[in-house]
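Per the UniProt record's numbering, residue 1 is the first one in the sequence shown, and the count goes up by one each step. First up is the structure itself, then whatever we jot down about it.
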Amino acid sequence: MKLKGRKIVGGKAEGELIVSQKPLSFLGGVDPKTGIITDAESDIRGQSIAGKILAFPRGKGSTVGSYVIYALKKNGKAPKAIIVGEAETIVATGAIISGIPMVDGVDVSKLKSGAKVRVDADRGEVEVIESEG
């Protein structure tokens, strides 16, 4: 299955998906030292985003969230790529300053955690190459 979106930050990545169906706050919602989701309202609380392809509907919260994404990258705990339904300034800025490939305009409800995906952000494409289960 191929999903078409829009390039926010170019680049390519391949790996395992971790999908939240809820908006994600990076400030106070993700530990920048470990990459573990700490947001009490998150449906992926307790899971690590480090080295995975992270998909969620949109970001929420403080603009400081951009720097949390940057700290994740500096600490080696950032996602390989970010897929969002709607790019907003906080997440887009974090991805830009961190050099993390990012695509928006993708229906994340069609994606499932554990699937293997290929992200070609230059083309705005997300391809599911192996489904979970």
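Every residue, glycine too, gets a C-beta built ideally from N, C-alpha and C. Computed from a prediction, not measured in an experiment: that's the story for all the values here.
Within the region 19-107, complete beta strand (DSSP E) segments of at least 3 residues are found at 53-56, 81-84 and 102-104, given in chain order.
Considering only Val119, Lys110, Val9 and Arg123, the residue with the shortest C-alpha distance to Lys52 is Val119. With distances taken between CA atoms, Val117 lies nearest to Ile83 out of Asp104, Ile83, Gly105 and Ala92.
A direct Cα-to-Cα measurement between Met1 and Val106 gives close to 12 Å. At the C-beta level, Ile8 and Ala95 come within 8 Å of one another. The three-state reading of DSSP puts Lys112 in coil, since its state is none of H, G, I, E or B.
The residues Pro101 and Ala121, in chain order, have a CB closer than 6 Å to that of Gly11 in the same chain once the five nearest residues on each side in sequence are set aside.
A direct Cα-to-Cα measurement between Lys112 and Leu54 gives close to 11 Å.
Excluding the 5 residues flanking it on each side, Ile97 has same chain C-beta neighbours closer than 7 Å at Ser66 and Tyr70, in chain order.
Assigned with DSSP and collapsed to three states, Arg123 falls in coil, not helix or strand. The secondary-structure analysis by DSSP pairs Gly15 across a beta bridge with Val117.
Gly85 is positioned such that its CB atom lies closer than 8 Å to that of Arg58. If you draw a straight line from the Cα of Gly5 to the Cα of Lys33, it is about 30 Å long.
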